[in-house]
Each structure stands twice: as structure tokens, then as C-alpha cells.
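Residue numbers 1 to 295, in the UniProt record's numbering, belong to the letters of the sequence shown in order. Glycine included, each C-beta is placed from N, C-alpha and C at the ideal position. Here the structure is a predicted model, which means the values were calculated and not measured.
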Amino acid sequence: MSDILCIGSVLWDIIGRAPASLRLGSDVPGRITRLPGGVAMNIAMTLTRFGLRPALLTAVGRDAEGDELIAACLRMGLDCSHVYRSDDLPTDRYMAIEGANGLIAAIADAHSLEMAGDKILRALGDGALGSVAQPYAGLIALDGNLTEALISDIARSPLFAQADLRVAPASPGKAERLLPLLGHPSATLYVNLEEAGLIAKGRYESAAEAAEALLARGAARVLVTDGGRDAAMGTAGQGVITGRPPQVLVTRVTGAGDTFMAAHIVAEARGEPRAQALEAALRAAADYVSGDIGS
């Protein structure tokens, strides 16, 4: 039995990192790595480091890259028994360039996940993990690489009515896909300041201000990060609290938000109260961006 379902993108991360600050047209020496990635995958990998047992619900091609990716997931202790393997869709990929001045550009090719649609959710309805009569009642980490139509279906589906939904956009460009889940009574949204502004339809100067705005628009719970500035957690009926991330030397950024989300889920699963859970998540994210936690 798994402790949590991670639904969304599982793909290959191809990341180019250079120690210099980069600008448009820069051509510099650096390192290029290929690692298992994707929002759902990054969350699952972090959860395993904290002792949880995640199961993946995603789409992976039956190509060589897909076989290699599944093998890597299994070596990390991830449950892949419910992964949808497609005969005609290639394994997805993500490519990013990072410099000393942060993320320069990224392209997410998650088209296979989008085209697979609700096929990735079959186990939640066929009795393997749940059904309409007995919906899955545990933790679910859901990422915004799913299509807006599928996210809308999830927001209304009885298969998710009992679940503790933890939701993150894949990027600011996909943040508005989460709008159907804004009023879901058991959904917790994990967003950065830019994503919060896109969902709440406004511009905000701080994470606390953005959290207040999301609660006002019907969110049940939100966590808003803002890089090295204060993060905020808001809960309907309980208000907003803030936390300051530890100051560290940033060596990487891709995957930091997923690490924050996973660490917060684990802290709450251990029964830690709001302020301590937020602090634990910020500390884990700081360790990650500083390189103290391995990829």
C-alpha cells in the first residue's frame, strides 16, 4: 500500500547549468544532466527521502526512454503499477537552462500526458485504488500539467470527493488551469507569488497579501512562496501566517517548489502544527537550492 498518490508529469529533466550569469545569446561552458523529473516525479522523489511510499499515476511511453524512466522509478522505491504505458505516445521531456542568475528559460514537453487524459486515472475508478462507491480517501499530490478539461473533471468527480488534494501548478503559464479547484473543500494550493496573482486575478506585493486574496476567492488552503522572501500559509477561517526562508547560496532552482510541497506534506503527515510545518518546508527547499539535498 502506498502513502500518497502523485498524479501528473513523470519525464526526463534535461538541465543545463552554468556557474556564470547568463543573458540572451550566452554561449558558456557548464554541465548538462538528464535525470528523472516532472512535478509529480519530483514530489514523489522527495517524499521517499522523508520515508513515505508514493505511487505514480502518469503516462509513460513504451519507448526506450520510457523503459529507462520506469526502471529508474522502481530503483527509487516508487510504485509504478498503475502507470499508463502508451504504445503510440513518446515519453515526455523537460529542458531548462540555469545560470548564476537563476532560471533563464525552460520548455516543458508534456504533450503525451495531456493526450493520455483520464486514462492515467483508471485505477481510481476500477477498484484498484478506489471507485465511485468507495472513493480514494488518502493524500493525492496533483500537478498542473494535466489539461484544464481533466482538472475540471477532477474538481467535480466523486472519485476525488474524499481525497486530501495537494495541488501545484507546473509553471506560471499553467497556473490558471487550477481555477476549477479553487473552491474545492479539500484542496490545498501550493503556488509562488506570480502563480497566485494569475489565479487570483491581481498583482500582489507579498506572499501574505496573495494568500489573503486566494482565500477571498474561495480557496480552502493555500501556501504561497516568493523566493528568498517571506512565504505565507492561509487557511479559511484561520487566517494567514508567514515564515522566512533560511538565507542560502542558490546553486539550482528547478524542483525547489516541488521539494517545498513534498516537505510540507510530510510535516503535516507527522502531525506538526501550521507554523512548524511551514518552517520545515522552507528549510527543506533551502537545503535543496543550496545543493545540500541531492537530486
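Inter-residue spacing [alpha-carbon to alpha-carbon] between residue i and residue j
i: D230; j: I107; result: 28 Å
i: G77; j: N42; result: 13 Å
i: A44; j: L56; result: 8 Å
i: A161; j: P29; result: 50 Å
i: G37; j: W12; result: 5 Å
i: R203; j: G239; result: 20 Å
i: P273; j: R217; result: 25 Å
i: R122; j: R49; result: 28 Å
i: R17; j: A133; result: 49 Å
i: A149; j: G8; result: 14 Å
Identity of the residues DSSP links to residue i by a beta bridge
i: E194; result: Answer is none; E194 lacks a bridge partner.
i: A106; result: A96
i: residue 379; result: Given that the chain is displayed from residue 1 to residue 295, the structure contains no residue 379 and the question cannot be resolved.
i: A187; result: L165
i: R221; result: T188 and T235
i: D226; result: R229
i: R85; result: V60
Top-ranked residue by Cα proximity to residue i, from the options
i: L181; options: L214, T48 and V224; result: L214
i: N145; options: P172, R23, G16 and C80; result: P172
i: E98; options: Q238, I14 and H264; result: I14
i: R85; options: A128, V10, I154 and L278; result: V10
i: R166; options: R34, A220, E209 and T33; result: A220
i: A20; options: A40, L142, P273 and N101; result: N101
i: L35; options: A149, A96 and F50; result: A96
i: C6; options: G271, G127, M261 and A141; result: A141
i: T147; options: M115, C80 and H184; result: M115
i: A59; options: L52, D153, D87 and I265; result: D87
i: D109; options: L124, R93 and D118; result: R93
i: L47; options: S81, I265 and D287; result: I265
Beta-carbon proximity check, residue i vs residue j, cutoff 8 Å
i: L223; j: Y190; result: yes
i: V39; j: D164; result: no
i: T3; j: L178; result: The question names Thr, but residue 3 is Asp in the sequence shown. Going by C-beta atoms, D3 is not nearer than 8 Å to L178.
i: A232; j: A263; result: no
i: I104; j: L22; result: yes
i: A275; j: F260; result: no
i: T225; j: A207; result: yes
i: G61; j: S112; result: yes
i: G271; j: P245; result: no
Contacting residues, own chain, Cβ-Cβ under 6 Å from residue i (five flanking each side not counted)
i: E195; result: P169, P172 and A175
i: E279; result: G243
Cutoff 8 Å; reference residue i; Cβ partners in own chain excluding five residues on either side
i: V289; result: V248, V250, T251, R252, V253 and A256
i: E268; result: A277
Sequence-distant residues of the same chain with beta carbon closer than 7 Å to residue i, five excluded per side
i: G197; result: R203, Y204 and A210
i: I199; result: A175, E176, L178, L179, L182, V191 and L214
i: D63; result: P90 and T91
Cβ of residue i within 8 Å of any chain C Cβ
i: H264; result: Reference to chain C is not applicable here, since this structure consists of a single protein chain.
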